[in-house]
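Student: At position 105 of the sequence shown (counting the first as 1) the number is 104 in numbering that gives the first Met the number 0, and the numbers step up by one without a gap.
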Amino acid sequence: MSEIELFLADEAQTLALGTQLARLTAGHGLLFLQGDLGAGKTTLSRGIIQGLGHQGAVKSPTFTLVEPYVVGDLQLWHFDLYRLADPEELEFLGIRDYLADDDLCIIEWPQKGQGVLPEPDLHISIYTHQQGRRVVLTPYSTRAKNWCAAVAQLNRL
Numbered sequence: 000m001s002e003i004e005l006f007l008a009d010e011a012q013t014l015a016l017g018t019q020l021a022r023l024t025a026g027h028g029l030l031f032l033q034g035d036l037g038a039g040k041t042t043l044s045r046g047i048i049q050g051l052g053h054q055g056a057v058k059s060p061t062f063t064l065v066e067p068y069v070v071g072d073l074q075l076w077h078f079d080l081y082r083l084a085d086p087e088e089l090e091f092l093g094i095r096d097y098l099a100d101d102d103l104c105i106i107e108w109p110q111k112g113q114g115v116l117p118e119p120d121l122h123i124s125i126y127t128h129q130q131g132r133r134v135v136l137t138p139y140s141t142r143a144k145n146w147c148a149a150v151a152q153l154n155r156l
């Protein structure tokens, strides 16, 4: 399965896609979320994290760079690299340690870490489109191809 494209009419549909991705990933993998400010990256992240069972708020880690979440046996990491000045800062942050155990890592603004970050399982591009959002899911791993096939089937694409 190659990339798929979805139209999400509102926040509820964005959260629902996040819930689908949560179930499919089962809390493992590397997801890149790319899009302009206000495109819905954090909303989709919230849907994924809450879809895995987190009960509290999900905030954008714009100032802290990374926000950890523990859900049962799962360790989830939500990164926002918007304020990253240099990709090498990720080395000081210990990015390799975060990625080592196949915990779910959601990285907003991945282009800021270009050259240091590995290829993701799934790259998600979010664009404002009319009154909603256009979302493009591009798989880079076998498991992400399976996730995309399942998302296509769930959304009758």
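Think of the CB as a built atom: it goes at the ideal place given N, C-alpha and C, for glycine as much as any other residue.
Would you give the residue range spanned by the alpha helix (DSSP H) that S44 belongs to?
Tutor: What you label residue 44 is simply residue 45 of the sequence shown in a count that begins at 1. That run of the alpha helix (DSSP H) goes 40 to 50.
Student: Taking the straight line between their C-alpha atoms, what separation do you get for L89 and F31?
Tutor: Indexing the sequence shown from 1 puts residue 89 at position 90. Indexing the sequence shown from 1 puts residue 31 at position 32. Between L89 and F31, the C-alpha separation is close to 15 Å.
Student: For G55 versus G71, is the C-beta spacing smaller than 8 Å?
Tutor: The residue labelled residue 55 in the question sits at position 56 within the sequence shown. The residue labelled residue 71 in the question sits at position 72 within the sequence shown. Their beta carbons are not under 8 Å apart, which means G55 does not touch G71 by this criterion.
Student: For the candidate residues H27, K111, G28, whose alpha-carbon lies nearest to that of D85?
Tutor: Residue numbering aside, residue 85 sits at position 86 when the sequence shown is read from its first letter. Answer by Cα proximity: K111.
Student: Within its chain, find whatever has a CB closer than 7 Å to the CB of K40; leave out the 5 residues flanking it on each side and keep chain order.
Tutor: For the purposes of this step, residue 40 is identified with residue 41 of the sequence shown, where counting begins at 1. Contacts found: L32, G34, E107, I125.
Student: Going by the beta-carbon positions, is the gap between L75 and G26 smaller than 8 Å?
Tutor: Within the sequence shown, residue 75 is the residue found at index 76, counting from 1. Within the sequence shown, residue 26 is the residue found at index 27, counting from 1. Their beta carbons are under 8 Å apart, which means L75 touches G26 by this criterion.
Student: Could you tell me which of I123, R133, T127 sits nearest to C147, measuring between CA atoms?
Tutor: Here residue 147 refers to the residue found at position 148 when the sequence shown is read from its first residue. Of I123, R133, T127, the residue nearest in Cα terms is I123.
Student: Which residues bound the alpha helix (DSSP H) around G34?
Tutor: Within the sequence shown, residue 34 is the residue found at index 35, counting from 1. Looking at the DSSP string, G34 is not in any alpha helix (DSSP H); the run it does join, the beta strand (DSSP E), is 28 to 34.
Student: Go ahead and pull the three-state DSSP assignment for P86.
Tutor: What you label residue 86 is simply residue 87 of the sequence shown in a count that begins at 1. If DSSP states are grouped into helix, strand and coil, P86 belongs with coil.
Student: Please name the residue in G93, L83, L23 whose C-alpha comes closest to that of G50.
Tutor: Translated into the one-based positions of the sequence shown, residue 50 becomes position 51. Measuring from the Cα of G50, the nearest candidate turns out to be L23.
Student: In terms of residue numbering, what span does the alpha helix (DSSP H) encompassing R22 cover?
Tutor: If you number the sequence shown from 1, residue 22 lands on position 23. Looking at the DSSP string, the run of the alpha helix (DSSP H) that includes R22 is 10 to 24.
Student: Inspect the beta-carbon positions of I105 and I47 and report whether they are closer than 8 Å.
Tutor: Taking the sequence shown and counting its residues from 1, one reaches residue 105 at position 106. Taking the sequence shown and counting its residues from 1, one reaches residue 47 at position 48. Going by C-beta atoms, I105 is nearer than 8 Å to I47.
Student: For the alpha helix (DSSP H) that contains Y97, what are its first and last residues?
Tutor: For the purposes of this step, residue 97 is identified with residue 98 of the sequence shown, where counting begins at 1. 94 to 99 is the extent of the alpha helix (DSSP H) around Y97.
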